[in-house]
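Trainee:
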Amino acid sequence: MADIKKDTDGPTPYSPTAFDYTLLPDFNNDFINEADFDEFAKALAAPENDSADDASNPQPKKRTLFTALNDWSPVYHRVRRRGEAKKPPRRGVDETREGVVYVLLKWPLLILVFGWLLFLSIAYGFTRLYIYLYEHWVTWRGRRQRLRKQLRNAHTYGDWVKAAIELDTYLGNDKWKKSDEYAYYDSETVRRVQHQMAKFRMAAQAAEAGKAQTNGAADREAVEELRSLVEGCLKNNFVGFENPRLYSETYYGTKDLVQSFVDELEACLKFLLETPQLDQDSKREMFKHLSTNFGRTALCLSGGATFAYYHFGVAKAFLDAGLLPEVITGTSGGALVAALLCTRTDDELKKLLVPSLAHRITACHDDMLTWFKRWYRTGARFDSVDWAKRCGWFTRGSMTFREAYLRTGRILNVSCVPSDPHSPTILANYLTSPDCVIWSAVLASAAVPGILNPVVLMKKNKNGTLSPYSFGHKWKDGSLRTDIPLKALNLHFNVRFPIVSQVNPHINLFFFSSRGSVGRPVTHRRGRGWRGGFLGSAIEQYIKLDLNKWLKVLRHLELLPRPMNQDWSEIWLQRFSGTVTIWPKTIWSDFVYILSDPTPQRLARMIHVGQLSAFPKVKFVGNRRKLEGLIMEGRRSGIGEERKRGSAGFMSEEEMSNALMRGLREDEETDSEDEVYDQKQSIRVQTNRVQDGTHSPSLGKRLSGWWNSLSPREDEAHTKPMFEFGEEGSVASSVKQDDGRFEEVGDEEFDDGVGAKERGLWIDDAKWE
472 MADIKKDTDG PTPYSPTAFD YTLLPDFNND FINEADFDEF AKALAAPEND SADDASNPQP
532 KKRTLFTALN DWSPVYHRVR RRGEAKKPPR RGVDETREGV VYVLLKWPLL ILVFGWLLFL
592 SIAYGFTRLY IYLYEHWVTW RGRRQRLRKQ LRNAHTYGDW VKAAIELDTY LGNDKWKKSD
652 EYAYYDSETV RRVQHQMAKF RMAAQAAEAG KAQTNGAADR EAVEELRSLV EGCLKNNFVG
712 FENPRLYSET YYGTKDLVQS FVDELEACLK FLLETPQLDQ DSKREMFKHL STNFGRTALC
772 LSGGATFAYY HFGVAKAFLD AGLLPEVITG TSGGALVAAL LCTRTDDELK KLLVPSLAHR
832 ITACHDDMLT WFKRWYRTGA RFDSVDWAKR CGWFTRGSMT FREAYLRTGR ILNVSCVPSD
892 PHSPTILANY LTSPDCVIWS AVLASAAVPG ILNPVVLMKK NKNGTLSPYS FGHKWKDGSL
952 RTDIPLKALN LHFNVRFPIV SQVNPHINLF FFSSRGSVGR PVTHRRGRGW RGGFLGSAIE
1012 QYIKLDLNKW LKVLRHLELL PRPMNQDWSE IWLQRFSGTV TIWPKTIWSD FVYILSDPTP
1072 QRLARMIHVG QLSAFPKVKF VGNRRKLEGL IMEGRRSGIG EERKRGSAGF MSEEEMSNAL
1132 MRGLREDEET DSEDEVYDQK QSIRVQTNRV QDGTHSPSLG KRLSGWWNSL SPREDEAHTK
1192 PMFEFGEEGS VASSVKQDDG RFEEVGDEEF DDGVGAKERG LWIDDAKWE
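Read in order, the letters of the sequence shown are residues 472 to 1240 in the numbering used here.
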């Protein structure tokens, strides 16, 4: 029960302090820079142009260019004779939507398929109603129903765990936990590997303590065997030990064998991280290998208009448990929540994820008459510039993806879809678009046709001003094509364990786990069976698969019309789930207020429901995150420990940052808060500035002064900066070799998935301690 930490919990949703808006950090600071939004308005009004980097600049007059068709054709075409008829083009604008048969059969097929889809939808609704009534009248009765109500009325994770354990005991799930055999993982391999790891760990600990009566080579044998065994088994879902089915048979916990295996892995990682029997190069190589095989965890927040406010409760549940992942992605409404999570520190978030946050959610403040007039005039219900100003508070003004990463250590990702239907989508983050302003990406991800017109992404220049990003192209709602960008997350950040919080109303209705989900087992026959019986689950699965099939038929035959020049087929056919999928329980009134600002009372309910939906997943995520945290700790120490055995005069990138920040902290007692923040920003800018391969005299002097004041040395060579900056903030370090020469080490030394947080390069007072 180590995942229960009451001292880290923020205010509960219904506590009196949670409704006091004066306790919100930065509540009176709007973070509005009028010049930034003036540039945004100019970029929206400027014509979209592919040939200019800044669409707001006046465009040159078009020139007539002459060119040959190819190397063997003349410049000019053959001149038609007078009276010669012009041949019609052989192909039209849309080549896939041509032909007599297509024109004749398109609408009959479309009507036929839509009629069948309507019938399947009605049948699916009746099937779900039958399953609901079956569970309500057959399964949930007597003491089981009372225990279930106690589980649903829990306000904290500790109370929920107590109720879940009591319900598991009543249903007899303790017997299932004690039995090792299960069809969804290899219990024999897990048992054997756990025994071997415990044996090698105890032998290595005994050798380290000097209790073993062997020579030095034999002493290292146990730790090497342990290292080899851990590298071989600590992989993503090794022999099924991370299979979600292992956590879907009980309300809390999993098989005792699986839990002891995870605990043993944790103990082995701690020992390997701290033992002096392994040299630093071996540790660094080992943890790099483990990080590559094990992967990372990401929290993915779906779109869904005001349904997205359920994400606040999901994030609060993981934040209170200390399990909030570093990689967070959001789309449409989820992008706004993700932006808040990635621009604020943990201490700030605990004060922000409360019902009084509703006082800052004012996007729908206009009356209905204003909405109708705007929609008639512009084709959109909301004003882009007004939304940008109100979104600026959630993103701390015109903060970029890189600045947010350096401030909190969390990696923000926002899905954006280009207005051109043939262009690929992008996942904006500190790698793909580091200088892109976050609020512009959030607006682009929320620009649903008819609700908000496509917008221009903005970038921050070196002088702090804003200008259009990506040639001034227009972008719109990411949910239309990539609501959950799993492939891009795996490509950029090696994400192997996505946690999806899904609240899209058109998708949430079809989420149904016939065999139970993590922390929510099937209650029929004490958790051994199918929801609604086998017949009910079979019908539900068949109808849902048939719906999916006919939607694919419409997409591949190009039968769907394209209102507003938009392909709408992907809103049903993309992937909406992850390894762990959370779907908060919505109510019918949410559809009534789907485009309305929440009141503190409604937001309190949504946060509470979001927490309750995430509580069953906390144990599963906690087992994963504690192993991942130790691996990343080993990655961070791999660079820092290099200094202890390195030659004199070597100064790594982490040493540089630590030296600068130590000197900064010594001055914090006398400097004002604004001066301290300016100094931190200066350090960040100096660290990331491009110098085209030349040394930075100002930075060198700065380092020399600080280094001399911190640890004065007689040899001047120790204060000489041993690095230079390359393109896009890259660092080319000079490492001293055994023969006294210095060898250049480029970005590939650090291009291993370890970001600013893992290397100690993000700027947050709490993280520098």
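Each residue gets a CB set at the ideal place from its N, CA and C atoms; glycine is no exception.
Put residue 914 into one of helix, strand or coil per three-state DSSP.
Mentor: Helix.
Trainee: Tell me the DSSP bridge mates of residue 716?
Mentor: Per DSSP, none; premise fails for residue 716.
Trainee: In angstroms with no decimal places, state the Cα-to-Cα distance between residue 880 and residue 983.
Mentor: Each residue's Cα considered, the two are about 35 Å apart.
Trainee: Which two residues bound the contiguous beta strand (DSSP E) that contains residue 951?
Mentor: Looking at the DSSP string, residue 951 is not in any beta strand (DSSP E), and its letter there is neither H nor E.
Trainee: Tell me the start and end of each unbroken alpha helix (DSSP H) in the segment 836 to 887 that is at least 4 residues and wholly inside, in chain order.
Mentor: Within the segment 836 to 887, the complete alpha helix (DSSP H) runs of at least 4 residues are 839 to 849, 855 to 862, 872 to 879.
Trainee: In terms of DSSP beta bridges, what is residue 800 paired with?
Mentor: Its beta-bridge partners are 771, 884.
Trainee: Start and end of the beta strand (DSSP E) containing residue 967?
Mentor: Residues 966 to 972.
Trainee: State the Cα-Cα distance for the pair residue 653 and residue 633, rounded to the nearest angstrom.
Mentor: Approximately 26 Å between the Cα atoms of the pair.
Trainee: Using the Cα positions of residue 629 and residue 1090, report the straight-line distance between them to the nearest angstrom.
Mentor: C-alpha separation (whole angstroms): 12 Å.
Trainee: The alpha helix (DSSP H) spanning residue 1063 covers which residue range?
Mentor: Segment 1060 to 1063, the alpha helix (DSSP H) holding residue 1063.
Trainee: Taking the straight line between their C-alpha atoms, what separation do you get for residue 959 and residue 899?
Mentor: Cα to Cα, the separation comes out at about 10 Å.
Trainee: Taking the Cβ atom as the reference point for each residue, do residue 515 and residue 989 lie within a distance shorter than 8 Å?
Mentor: No, the pair does not count as a contact, with Cβ atoms beyond the cut-off.
Trainee: For residue 637, which option in 656, 627, 617 has the closest C-alpha, if you only look at C-alpha atoms?
Mentor: Out of 656, 627, 617, 617 has the C-alpha closest to the C-alpha of residue 637.
Trainee: Would you call the segment 765 to 784 in contact with the segment 1085 to 1105, where contact means no fewer than 3 C-beta pairs closer than 8 Å?
Mentor: Contact between the segment 765 to 784 and the segment 1085 to 1105 is present, because at least three Cβ pairs lie under 8 Å.
Trainee: Do residue 917 and residue 1067 come within 8 Å of each other at the CB atom, strictly closer than that value?
Mentor: Not a contact, by the Cβ cut-off of 8 Å.
Trainee: Exposed or buried, residue 1069, counting other C-beta atoms within 10 Å across all chains shown (16 or more means buried)?
Mentor: Buried: at least 16 other Cβ atoms inside 10 Å.
Trainee: Would you kindly report the start and end of the unbroken beta strand (DSSP E) that includes residue 598?
Mentor: From DSSP, residue 598 is part of no beta strand (DSSP E) but of the alpha helix (DSSP H) over 571 to 605.
Trainee: Among the residues of its own chain, which have a CB less than 6 Å from the CB of residue 1163, if the five just before and after it don't count?
Mentor: Note that residue 1163 has pLDDT 40, beneath the 50 cutoff, so the model's placement of it is unreliable and no number is given.
Trainee: So what does DSSP say about residue 992, is it helix, strand or coil?
Mentor: Reduced to three states, the DSSP call for residue 992 is coil.
Trainee: By Cβ distance, which residues of its chain are closer than 8 Å to residue 860, with the 5 residues on each side in sequence left out?
Mentor: Excluding sequence neighbours, residue 860 sits near 501, 503, 508.
Trainee: Alpha carbon to alpha carbon, how far is residue 739 from residue 759?
Mentor: Cα to Cα, residue 739 sits roughly 16 Å from residue 759.
Trainee: For the segment 883 to 891 against the segment 951 to 958, do three or more pairs of beta-carbon atoms, one drawn from each stretch, fall closer than 8 Å, so that the two count as touching?
Mentor: Output reads yes: the segment 951 to 958 touches the segment 883 to 891.
Trainee: Would you kindly report the start and end of the unbroken beta strand (DSSP E) that includes residue 785?
Mentor: It is not in any beta strand (DSSP E) - residue 785 instead sits in the alpha helix (DSSP H) that spans 781 to 791.
Trainee: Between which two residues does the beta strand (DSSP E) holding residue 1051 run?
Mentor: Segment 1051 to 1053, the beta strand (DSSP E) holding residue 1051.
Trainee: Mind pulling the alpha helix (DSSP H) runs of 4 or more residues that sit fully within the segment 700 to 758?
Mentor: Complete alpha helix (DSSP H) runs here, min 4: 727 to 745.
Trainee: So what does DSSP say about residue 939, is it helix, strand or coil?
Mentor: Looking at residue 939 - three-state DSSP - the assignment turns out to be strand.
Trainee: From the DSSP output, which residues share a beta bridge with residue 929?
Mentor: For residue 929, which the question treats as bridged, DSSP gives the partners 939.
Trainee: Can you tell me which of the three DSSP states residue 908 falls into?
Mentor: Correct three-state label for residue 908: strand.
Trainee: Measure the alpha-carbon distance for residue 901 versus residue 754 and round it to whole angstroms.
Mentor: Distance between the alpha carbons of residue 901 and residue 754: 28 Å.
Trainee: Might you give, ordered along the chain, the residues of its own chain that have their beta carbon closer than 8 Å to the beta carbon of residue 808, omitting 5 neighbours on each side?
Mentor: Result list for residue 808: 772, 779, 780, 782, 783, 786, 801, in chain order.
Trainee: Can you tell me where the alpha helix (DSSP H) with residue 636 in it begins and where it stops?
Mentor: Where residue 636 is concerned, the enclosing alpha helix (DSSP H) stretches over 628 to 642.
Trainee: Judging by CA-CA distance, which residue of 830, 614, 979, 905 is the nearest neighbour of residue 873?
Mentor: The residue with the shortest Cα to Cα distance from residue 873 is 905.
Trainee: Would you check if the distance between the CB atom of residue 1064 and the CB atom of residue 598 is smaller than 8 Å?
Mentor: Going by C-beta atoms, residue 1064 is not nearer than 8 Å to residue 598.
Trainee: Please classify residue 834: does DSSP put it in a helix, a strand, or coil?
Mentor: Of the three classes helix, strand and coil, the one that applies to residue 834 here is coil, per DSSP.
Trainee: What residues are listed by DSSP as bridge partners for residue 897?
Mentor: Its beta-bridge partners are 887.
Trainee: Could you work out which residue in 610, 795, 934, 1044 is closest to residue 1100 when comparing CA atoms only?
Mentor: Answer by Cα proximity: 795.
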